[in-house]
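Chemist: In this note's numbering, the protein residues as written are -3 to 473.
No residue lacks a Cβ here, since even glycine has one placed at the ideal position from N, Cα and C.
I have a structure here, written as structure tokens, and I will follow up with some questions on it.
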Amino acid sequence: MSDSQHGGHPHRSRRNERGPRSGGGRGNQRGGSRDGGRGGGGGGGRTSVGHSGHAEPLPTDLPATEFAAFDLAPRIEAAIAVAGYVTPSPIQAGMIPLVLDEKNVVGRAQTGTGKTAAFLVPLLALLGASEDEERIAKGEPEGPVRILVVAPTRELAIQIGKESEKLTRFVPVRTVCCYGGTPLDTQIRALKNASVVAGTPGRLLDLINRGALDLSHLDAIVLDEVDRMYDLGFREDVDRLLNASKSRQQTILTSATLNSDVEDLIAKHVGEHERVIIETNSLTVEAIDQTFYFVDPRRKPDLLFEVIKTLDPPKGIIFVRTRFSVDRLTYQLQQRGMGAELIHSGLPQPKRERILEMFREGKFPILVATDVASRGLDIDDITHVVNFDIPNSAEDYVHRVGRTARMGKEGAAVTLVTMDDGPYLTAIEKLINKEIRQEIWPGFEVKKPEPAGAKAKKKAARPPGVPPWANVARRRK
Ligand code: AMP
-3 MSDSQHGGHP HRSRRNERGP RSGGGRGNQR GGSRDGGRGG GGGGGRTSVG
47 HSGHAEPLPT DLPATEFAAF DLAPRIEAAI AVAGYVTPSP IQAGMIPLVL
97 DEKNVVGRAQ TGTGKTAAFL VPLLALLGAS EDEERIAKGE PEGPVRILVV
147 APTRELAIQI GKESEKLTRF VPVRTVCCYG GTPLDTQIRA LKNASVVAGT
197 PGRLLDLINR GALDLSHLDA IVLDEVDRMY DLGFREDVDR LLNASKSRQQ
247 TILTSATLNS DVEDLIAKHV GEHERVIIET NSLTVEAIDQ TFYFVDPRRK
297 PDLLFEVIKT LDPPKGIIFV RTRFSVDRLT YQLQQRGMGA ELIHSGLPQP
347 KRERILEMFR EGKFPILVAT DVASRGLDID DITHVVNFDI PNSAEDYVHR
397 VGRTARMGKE GAAVTLVTMD DGPYLTAIEK LINKEIRQEI WPGFEVKKPE
447 PAGAKAKKKA ARPPGVPPWA NVARRRK
């Protein structure tokens, strides 16, 4: 990581260096749907479009924060103070100065560490929208698109959109979220004067192909959780998006793991860059109390009900492998009087958002989910994560348990493990560089199976016609 300094000179913006970008393209396009309402802005599950871009008046008397050291634009700093951020997290301390210096940056950090703000804060500061007092007074949002954030899932795209809205409350910047399962025409209208776009690869490409998303004025592209995008089969889409945004000045990439696929992408599309690596051995947050129980596969639901009854989580997520099991377990939990709702990719998008919003607001305590909810689900006060099924990928474990103990809070993660799951457990422990504590739930003890082949050997050692218990009888003699 470079030791770029960030103090001592006036806050930077690309506008300072290049002047306002109102000349060409759609920089002047200020008609359209400026008054398009908040389109659900800030409104939790209704962020399919984003906020209108109107700036709130700047309050006086805001508390000082340690973000002042970065010399950000005052209106961005004010938004940080209102969000309640006081100290930059390690990934923020690493990335903010580099991004402000307009470097390409590759960041690896655990989930829930503030990585969204680590790239949004400096990019929004560079946008320079906060200096245009006249436009701020008029409340006019500015196009064209200058910051594009690509996310693997709709949920993460929505989270990024919300973080952007939080950080731009005092600047007239419109953020638009673009993802499938929502009407195209509303997004197309909103894009007309959006500066920040967060979306999923398929929908973004669709909008580019329709001529609705113009990337010719792009300052920066961010690929968030790129390893996950590859897991989900977006490799070609990511390539296309990077090719379609060649006029960008900066490329930022975050990933939980930097495997060879990600390194190939960095070599091909990012070029010279700086890295901010938050060490792997802190990949699962220290504050998560992690345990597992061995269990007979047929008894997993019963153990789950016991665990949930005993833990009585104020806000817990149960991760399950298949949609079918999600449906069934939720029903069974409800039958037992436990307040559970479900979320998986089979639900229509508006319903998914509604359920997440209700969960966020504490309207029910237990959310049963497939991995669709394991990334980008930013709910601060989740107390428990229960892996009904152990994830097949160690990285997914990190993302699932990372839903709890966010930003320094405490949390617990419980995993149910069958004898066949041993290799997955080992892979997880290797990745997190830590042994997960085994506990035994009385009444659910399982005997360790004999190593493969042991039974056959015993059988072979027994003379023909001698029954198995004869060995015991012989030993007793
Ligand atoms: P992320 O890892 O980006 O999903 O962020 C996790 C949560 O931490 C979000 O709710 C952020 O709003 C919050 N957050 C980000 N930066 C800070 C900070 N410096 N101090 C406190 N909370 C933060």
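What three-state label does DSSP hand residue 251 in the structure shown?
Modeler: In this structure, residue 251 counts as strand in the three-state DSSP scheme.
Chemist: Would you say the beta carbon of residue 82 comes nearer than 7 angstroms to a heavy atom of the ligand AMP?
Modeler: The answer is yes for residue 82.
Chemist: Enumerate in chain order the residues of its own chain whose CB-to-CB distance from residue 236 is below 7 angstroms, with the five nearest sequence positions on each side excluded.
Modeler: The answer, listed in chain order, is 201.
Chemist: Let me know the beta strand (DSSP E) ranges lying completely inside the segment 138 to 190, each 3 residues or longer, listed in chain order.
Modeler: DSSP runs (the beta strand (DSSP E)) wholly in the segment 138 to 190: 143 to 146 and 171 to 174.
Chemist: Could you check whether the Cβ of residue 328 sits closer than 7 angstroms to any heavy atom belonging to the ligand AMP?
Modeler: Answer for residue 328: no, Cβ out of range of the ligand AMP.
Chemist: Is residue 474 near the ligand AMP, with its Cβ less than 7 angstroms from a heavy atom?
Modeler: As shown, the chain starts at -3 and ends at 473. That puts residue 474 outside it, with no answer to give.
Chemist: Whole angstroms are fine: how far does the CA of residue 169 sit from the CA of residue 190?
Modeler: Roughly 7 angstroms separates the two Cα atoms.
Chemist: By the DSSP assignment, the alpha helix (DSSP H) with residue 353 in it spans what residues?
Modeler: Per DSSP, residue 353 belongs to the alpha helix (DSSP H) from 345 to 356.
Chemist: Scan the segment 392 to 432 and note each continuous alpha helix (DSSP H) run of 4 residues or more that stays entirely inside, going in chain order.
Modeler: The segment 392 to 432 contains these whole alpha helix (DSSP H) runs: 418 to 428.
Chemist: Do the segment 298 to 318 and the segment 413 to 426 make contact, defined as three or more Cβ pairs closer than 8 angstroms?
Modeler: With a cut-off of 8 angstroms, the segment 413 to 426 and the segment 298 to 318 do not count as touching, because too few Cβ pairs lie within range.
Chemist: Quick one: give me the first and last residue of the alpha helix (DSSP H) that residue 335 is part of.
Modeler: First-last for residue 335: undefined, no H or E at that position.
Chemist: Let me check one thing: in DSSP terms, what residues is residue 271 bridge-paired to?
Modeler: According to DSSP, residue 271 bridges with 102.
Chemist: State the Cα-Cα distance for the pair residue 384 and residue 296, rounded to the nearest angstrom.
Modeler: Each residue's alpha carbon lies about 7 angstroms from the other.
Chemist: Just the Cα atoms here: how many angstroms apart are residue 410 and residue 400?
Modeler: Each residue's Cα considered, the two are about 11 angstroms apart.
Chemist: Going by other Cβ atoms of all chains shown within 10 Å of its Cβ, with 16 needed for buried, is residue 91 buried or exposed?
Modeler: Counting Cβ neighbours within 10 Å, residue 91 comes out buried, since at least 16 surround it.
Chemist: Classify residue 215 as helix, strand or coil using the three-state DSSP reduction.
Modeler: Coil at residue 215, not helix or strand.
Chemist: Measure how close the beta-carbons of residue 292 and residue 442 come, nearest whole angstrom, since I'm counting them as under 8 angstroms.
Modeler: So it is a contact: roughly 5 angstroms between Cβ atoms.
Chemist: Say yes only if the C-beta of residue 311 is nearer than 7 angstroms to one or more non-hydrogen atoms of the ligand AMP, and no if none qualify.
Modeler: No, the Cβ of residue 311 stays beyond 7 angstroms of every heavy atom of the ligand AMP.
Chemist: Any heavy atom of the ligand AMP inside 7 angstroms of the beta-carbon of residue 149?
Modeler: Answer for residue 149: no, Cβ out of range of the ligand AMP.
Chemist: For residue 89, report the span of its alpha helix (DSSP H) as first-last.
Modeler: Counting along the chain, the alpha helix (DSSP H) containing residue 89 begins and ends at 86 to 96.
Chemist: Taking the alpha-carbon positions, what's the residue 394 to residue 308 distance?
Modeler: Their Cα atoms are separated by approximately 23 angstroms.
Chemist: Need the endpoints of the alpha helix (DSSP H) that residue 260 sits in, please.
Modeler: Unbroken alpha helix (DSSP H) run through residue 260: 256 to 261.
Chemist: Using only CA atoms, which one of 215, 430, 79 and 345 lies nearest to residue 247?
Modeler: For residue 247, the nearest C-alpha among the options comes from 215.
Chemist: Does the contact criterion of 3 or more C-beta pairs under 8 angstroms hold for the segment 357 to 366 versus the segment 315 to 325?
Modeler: Contact holds: three or more Cβ-Cβ distances are below 8 angstroms.
Chemist: Which class does residue 198 belong to by DSSP, given the choice of helix, strand or coil?
Modeler: DSSP places residue 198 in helix when its eight states are reduced to three.
Chemist: With burial defined as no fewer than 16 other Cβ atoms inside 10 Å of the residue's Cβ, what is the status of residue 225: buried or exposed?
Modeler: Its Cβ being crowded by 16 or more others within 10 Å, residue 225 is buried.
Chemist: Considering only C-alpha positions, which residue in the set 196, 435, 212 and 161 is nearest to residue 142?
Modeler: Closest option to residue 142, Cα to Cα, is 212.
Chemist: Below 7 angstroms CB to CB, which residues in the same chain sit around residue 268 once its five sequence neighbours on both sides are set aside?
Modeler: Result list for residue 268: 100, in chain order.
Chemist: Using the Cα positions of residue 272 and residue 195, report the straight-line distance between them to the nearest angstrom.
Modeler: For residue 272 and residue 195, the distance between alpha carbons rounds to 24 angstroms.
Chemist: Can you give the Cα-Cα distance for residue 355 and residue 338, rounded to whole angstroms?
Modeler: When rounded, the distance between both Cα atoms is 10 angstroms.
Chemist: When we look at the beta-carbon of residue 10 and count the other beta-carbons within 10 Å, is it buried (16 or more) or exposed?
Modeler: Answer is buried; the Cβ neighbour count reaches 16.
Chemist: Report the rounded CA-to-CA distance for residue 57 versus residue 77, giving the unit in angstroms.
Modeler: Approximately 10 angstroms between the Cα atoms of the pair.
Chemist: For the beta strand (DSSP E) containing residue 363, name the first residue and the last one.
Modeler: It spans 362 to 365 - the beta strand (DSSP E) in which residue 363 sits, taken as one unbroken run.
Chemist: Let me know the secondary structure DSSP gives residue 285 once reduced to three states.
Modeler: It is a strand residue.
Chemist: For residue 223, which of 177, 181, 240 and 146 has the nearest alpha-carbon?
Modeler: It is 146 whose Cα lies nearest to the Cα of residue 223.
Chemist: Helix, strand or coil for residue 233 per DSSP?
Modeler: Helix, per DSSP.
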